[in-house]
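For the sequence shown, the UniProt record's numbering begins at 1 and goes up steadily by one. Each residue gets a CB set at the ideal place from its N, CA and C atoms; glycine is no exception. Owing to the predicted nature of the structure, the values given are computational and were not obtained by experimental measurement. As structure tokens, the structure follows; a few thoughts come after it.
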Amino acid sequence: MAGFIIRRLGTMALAMLCLSLAVFYLVDLEPNLKRLAISQLNMRSSTEELESWLQRNGYRQNFFVRYGQWLGVIPEQPRPDPATGKAMPRFSFCPEGGQAGYSGVLQGDFGCSTKFKVPVIRKLVPALKATGILMFWVMAVMVPASLFLGVLAGMREGSRTDRTLSAASITTAATPEYISGVLFTVVFASWLGWLNGSAASATNQGISFYNFTLPVITMALYGTGYIARMTRASMAEVMTQQYIRTARLKGLSFGAVVVRHALRNALITPFTVIMLQFPWLLTGVAVVEVMFRYQGFGFTLVEAAANNDIDLLLACSLISVFVVLSTQLVSDLGYALLNPRIRVQ
């Protein structure tokens with residue numbers, strides 16, 4: 001098991017390195033650099049002024065040198081002020097010293113946000129905290145509801161309850177967030193007035209049932225249907241196994257058979273599906289947070305992409321890759337612990 005974990009961690013590191021290199025290449029394209037220079041100077045700047053700014057701030061260095069500096073494995077060179085000759089920061093609003101030395105991701109320096117005018121880490125920490133709270137409540141609603149509905153449908157395969165719950169699960173799993181979010185807002189916020197159609201106040205004034213329910217339900221709806229379908233299929237398969245029939249022939253009640261023998265084996269597949277929902281939640285959270293104006297990680301990612309905020313976009317991409325790979329590792333480890341056959345292999 002230790003060897004497996006070490007190999008997977010090595011694979012994760014290599015994957016993060018390759019993907020970060022690809023993203024760095026995309027944001028380093030010439031149109032993005034020109035837009036960055038214009039945002040730091042002004043729209044009327046001449047081509048020579050833009051080129052001078054890019055040259056002075058190191059954007060005309062070799063691509064791999066710049067990537068190594070961003071990663072923190074190549075030391076940065078000081079940026080001299082044309083007027084005084086002294087080292088100056090890359091952006092006036094960011095407390096970078098502009099001094100030579102290692103200063104990159106490996107040292108905890110993700111750069112500066114040109115959109116929010118603060119160091120990237122100061123913007124990311126509250127955004128990740130806000131999204132973490134949202135994720136917690138989404139999982140708290142989605143996991144128990146989906147497991148209960150899936151087990152209930154799978155226990156009586158082919159019954160009216162099974163058909164009804166399966167139809168509801170398919171419907172919710174086929175409804176994307178931008179549709180369910182609009183429907184919920186129209187019904188519960190605009191028409192009935194029970195809930196707030198915006199979650200912007202949740203990050204400033206605190207979370208309440210009034211301002212936080214709609215984004216949670218919108219995100220949980222799709223996942224609930226999908227996990228319920230997987231749980232139902234797993235439960236229905238387990239209920240047809242020979243050891244289940246043997247337990248029934250020994251005189252155990254139906255409820256005892258389900259609780260003692262069927263549930264443990266039926267929940268192995270849903271566990272993997274639940275862990276793999278985290279990468280999907282990263283996609284859904286961007287849509288939901290923008291729709292409800294909730295200033296979390298997804299909202300920050302969209303703002304960074306829309307405003308050509310290169311350093312912030314790179315940091316968001318790196319965190320997204322880390323979350324996806326980490327949840328896959330946890331999923332594999334959990335599956336091995338739950339299934340002895342996988343553990344032996």
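Residues near residue i in its chain [Cβ-Cβ closer than 6 Å; skip 5 each side]
i, result
"T146", "Note on identity: in this sequence residue 146 is Ser, with Thr being the wrong assignment. Cβ neighbours of S146 beyond the five flanking positions: T224, I227 and A228."
"M16", "V321"
"S180", "T218 and L221"
"A247", "V257 and H261"
"E289", "G296, G298 and F299"
"W70", "G104"
"L165", "L149 and A153"
"G197", "T185 and A189"
Bounding residues of the alpha helix (DSSP H) (the contiguous stretch that carries residue i)
i, result
"K123", "V120 to M155"
"N204", "A200 to N204"
"F188", "Looking at the DSSP string, F188 is not in any alpha helix (DSSP H), and its letter there is neither H nor E."
"A266", "L263 to A266"
"F292", "Where F292 is concerned, there is no enclosing alpha helix (DSSP H), given that its DSSP letter is neither H nor E."
"L183", "E177 to F184"
"residue 351", "The displayed coordinates of the chain run from 1 to 345. Any statement about residue 351 would go beyond what the structure contains."
"D162", "R160 to A173"
"R248", "Q242 to L249"
"G225", "F209 to V238"
"Q69", "F63 to L71"
"S45", "Where S45 is concerned, there is no enclosing alpha helix (DSSP H), given that its DSSP letter is neither H nor E."
"Y102", "No alpha helix (DSSP H) contains Y102, which DSSP labels as neither H nor E."
"R260", "Element bounds for R260: n/a, residue is neither H nor E."
"S20", "A2 to V27"
DSSP-derived helix/strand/coil call for residue i
i, result
"S113", "strand"
Same chain, Cβ closer than 8 Å to residue i, neighbours up to 5 away in sequence not counted
i, result
"L21", "Y67"
"K250", "none"
"I170", "G225 and R229"
"V138", "V216, M219, A220, G223 and L281"
Residue i versus residue j - alpha carbon distance
i, j, result
"Q55", "G284", "39 Å"
"R108", "M43", "The question names Arg, but residue 108 is Gly in the sequence shown. For G108 and M43, the distance between alpha carbons rounds to 33 Å."
"A153", "S331", "25 Å"
"F209", "S52", "53 Å"
"R122", "Q295", "14 Å"
"L263", "G158", "19 Å"
"V23", "V324", "16 Å"
"M12", "L282", "18 Å"
"A199", "P75", "42 Å"
"P144", "N62", "52 Å"
"L301", "L252", "54 Å"
"N307", "S113", "10 Å"
"V118", "L26", "23 Å"
"L14", "R60", "27 Å"
"R8", "I310", "29 Å"
Whole-Å CB distance - residue i paired with residue j, under 8 Å assumed
i, j, result
"V120", "G111", "5 Å"
"M155", "M235", "6 Å"
"F297", "L128", "5 Å"
"L214", "T185", "6 Å"
"A130", "T203", "5 Å"
"V151", "T231", "6 Å"
"L106", "G132", "With a Cβ gap of about 24 Å, L106 and G132 do not count as contacting."
"A305", "L318", "About 14 Å; that fails the 8 Å criterion."
Cut-off 7 Å between Cβ atoms - residues of its own chain near residue i, not counting five sequence neighbours on either side
i, result
"V287", "E177 and Y178"
"F4", "none"
"L50", "K34, A37, I38 and L41"
"G334", "F271 and M275"
"V258", "M155"
"V65", "I74"
Closer than 7 Å: residue i CB and nearest the ligand GTP heavy atom
i, result
"Y102", "This structure lacks the ligand GTP, and indeed carries no ligand of any kind."
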